[in-house]
Structures are given as structure tokens and as C-alpha cells.
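Reviewing the structure listed below.
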Amino acid sequence: MRIRLCSLLSILLLAAAAKPQEKKLKIYISADMEGIGGVSTWQVQAAPGAPEYEKFRRLMTQEVNSAISGAFDAGATEVLVSDSHWNAQNIDIELLDHRARLVRAFPRPLAMMQGIDGTFDAVVFIGYHAGEGTPSAILAHTMSSARIFELKLNDNVVPEAGLNAAIAGDFGVPVVFLSGDQTIGQRARELLGPIVTVAVKQATGFYSATMMNPAESQRLIQEGVKRAVEGRKEMKAYRLTHPVKVEVTFKNIVDAELVSELPGVERPRGSTIVFKAHDMIEGSKFLEAVLGMNTFPRNAADSEPKR
Ligand SMILES: [Zn+2]
Numbered sequence: 591m592r593i594r595l596c597s598l599l600s601i602l603l604l605a606a607a608a609k610p611q612e613k614k615l616k617i618y619i620s621a622d623m624e625g626i627g628g629v630s631t632w633q634v635q636a637a638p639g640a641p642e643y644e645k646f647r648r649l650m651t652q653e654v655n656s657a658i659s660g661a662f663d664a665g666a667t668e669v670l671v672s673d674s675h676w677n678a679q680n681i682d683i684e685l686l687d688h689r690a691r692l693v694r695a696f697p698r699p700l701a702m703m704q705g706i707d708g709t710f711d712a713v714v715f716i717g718y719h720a721g722e723g724t725p726s727a728i729l730a731h732t733m734s735s736a737r738i739f740e741l742k743l744n745d746n747v748v749p750e751a752g753l754n755a756a757i758a759g760d761f762g763v764p765v766v767f768l769s770g771d772q773t774i775g776q777r778a779r780e781l782l783g784p785i786v787t788v789a790v791k792q793a794t795g796f797y798s799a800t801m802m803n804p805a806e807s808q809r810l811i812q813e814g815v816k817r818a819v820e821g822r823k824e825m826k827a828y829r830l831t832h833p834v835k836v837e838v839t840f841k842n843i844v845d846a847e848l849v850s851e852l853p854g855v856e857r858p859r860g861s862t863i864v865f866k867a868h869d870m871i872e873g874s875k876f877l878e879a880v881l882g883m884n885t886f887p888r889n890a891a892d893s894e895p896k897r
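Each number in the working numbering comes from the position in the sequence shown (counting from 1) with 590 added on.
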């Protein structure tokens, strides 16, 4: 009896040792609002206080939830979402899929990518939009519609998707999916390679687009994210060579004049400054400081920033 018990125990121990450890699969979701299905303007949908804002923050939350479901359908074990539009407090936390965690509010050193690190396996962009000056692109702008005319990294003009992919790239994490209008989808594939993109609207101008029912966008996003996460091994991290040349052309020449007073900042042209960042983390902190300075409320009565 004793011998039998011993052998039974050793069989059980062996079986436990042979059982493979559950493999972690961590997905990072960065969510903006201009590229959410149905969004046309800041004045009606995509700014706090706008007449349809409450409806569209709910629709933004539902698109994020579709992405979370797609990630878990593909085997994700952990999902972190960063709310990355305007004041970064758009996603309705009560409606958020309970399996995910949420990064909220600006400023933060890695901006739209706060919380990313080398433990993640893939990045998903939801509600993204094209860069400043792009035709046929809903609400095209780069970080700040009021302040930035152009952003270049290592001499290439990049939209927010490029900046954020480069931050993830420094950690070796590939972007696998983007949703928004067809224009940013095409630009993202040119820049990042054959990632999965879903066009939730066909933009015809800065404000106008052909839309679809939100349930349809959500279905396409869930399917697309599942496919993208499953295919993540085929996708490459967007790594820039270091140091990274961060070049900003401001809309207001005085911004360039003031930033050029900082040590290490050059001013090759009147409205343009250049900063050589050691890596994308330093580059992101530089941009966050330069763009955030003087825009965040310190008192309850101050107004909120937008991006
Ligand atoms: Zn935004």
C-alpha cells in the first residue's frame, strides 16, 4: 500500500512537472477618437461637451472592447489599454471589458504609449487618424492640431501612428493592427509593413466620410485584431536608428523660438527645431514636455488641453 502510494505520488509529481507553463501573451491597445467609426468633427462628436460626445465616447469604448475581445480570441492573457485622445478620459470605465486595464489622463512620459514595455507581444491602434496636411483624411493632425505643422523622425514625416510605433519599436514590440479611415490605414501599411488595417470609414475630406453602422465596425475590428494577433510573428517592430533626430515644425514661429533656447536644441529654420534624442523614450519625453508646457490645468477652473 505504502509503495503504491509512493509511486502514485511520483506519477502525479512527474505529470505536474511535465505540464507546460501557461504562456503569457500581452497586448497593448492605444486608442484615439478621430478614427472611431462615425466620427466626423470635433465640434459634434470628438470633444468633451460636443452634442454627440457622450454617445461617441461610448462607441469608442465599444470599439476598444471589440479589440480586447479579438485579442483574447487570439489567446491574449493580458490587455492594457491607453486612452489617448484629448484629455485621455474618454473611455467609459464602467463599460470597459473587465479583462483589461486602463491608462488614463495626460501628461505622461510615453504619451499615447504609456505603459508599453518589452514584456508586450503586440500593439493595436484603435481610432487612429492621418497626419497634419493629409488630404482625404478625417481630422488629420499630428499630436496638436493647434501647434504642430509637421513631425519628422530621422528625416521622415510621420503621423502619430509612426511616432507611437517607433516608441513600441524601441522595446522590440511590433504594431499588428490599426483602425481608422482608409487613408491612415494605407499610410500605416507603407510605414510599418503588412499590418492588418480596418477602414471603419471612407474619408472624402477633413470632415466628410462615408460611414457604416457601429456594429459593423465593431465586428470588423474584433475579427481583424484576432487575425493580427495570431499573425504577430510575421510583423516587425518599427525600430529607428539611434540617436533619433526629432524635428518639429510649429505653426507658430514663437514656439520654435522658445524651444530653441533649450540646450541641445537646434533651429535650422524659423519655425523648425531639431533635437537629437538618445532613444525614443527620450524623444517622447521631449515632445511631451514641449507640447504639454503651459497647456495643463493646475486649478479646477482652468480649461483642459486637447490633442
Ligand atoms: Zn485624438
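Yeah, the Cβ is synthetic: ideal placement off N, Cα and C, and Gly gets one too.
Supposed close pair residue i, residue j - CB separation, criterion 8 Å
i      : j      : result
Gly854 : Phe865 : 6 Å
Leu830 : Ala756 : 5 Å
Val654 : Val671 : 6 Å
Val748 : Tyr618 : Not quite, the Cβ-Cβ distance comes to about 19 Å (not below 8 Å), so this is no contact.
Glu624 : Val634 : Rounded, the Cβ-Cβ distance is 13 Å, inconsistent with contact.
Leu700 : Ile871 : 7 Å
Met702 : Glu750 : 7 Å
Residue i, DSSP secondary structure in three states
i      : result
Gln792 : strand
Glu872 : helix
Asn754 : helix
Phe662 : helix
Gly770 : strand
Leu852 : coil
Leu649 : helix
Glu561 : The question about residue 561 has no answer here: the residues shown for the chain are numbered 591 through 897.
Leu685 : coil
Ala657 : helix
Glu644 : helix
Glu740 : strand
Gly717 : strand
Ile843 : helix
Whether residue i touches residue j by CB criterion (7 Å)
i      : j      : result
Ile811 : Val786 : no
Val836 : Ala867 : yes
Arg727 : Ala793 : With the sequence shown as reference, residue 727 is identified as Ala, and Arg is not the correct amino acid for it. Yes, the pair counts as a contact, with Cβ atoms nearer than the cut-off.
Val669 : Ile683 : no
His731 : Glu740 : no
Gly665 : Leu615 : yes
Val834 : Gly873 : yes
Gly717 : Ala621 : yes
Phe761 : Gly708 : yes
Lys823 : Gly627 : no
Arg694 : Asp673 : yes
Do the stretch 812–821 and the stretch 763–770 meet, that is, are 3 or more Cβ pairs less than 8 Å apart? yes
Let me know the alpha helix (DSSP H) ranges lying completely inside the stretch 689–713, each 4 residues or longer, listed in chain order. none
Count the CB pairs spanning the stretch 684–697 and the stretch 827–845 that are closer than 8 Å, and state whether there are at least three. no
Ranges of the beta strand (DSSP E) found wholly within the stretch 774–823, counting only runs of at least 3: 786–793 and 799–801
Segment contact, 8 Å Cβ cut-off, at least three pairs: the stretch 673–680 with the stretch 636–653: yes
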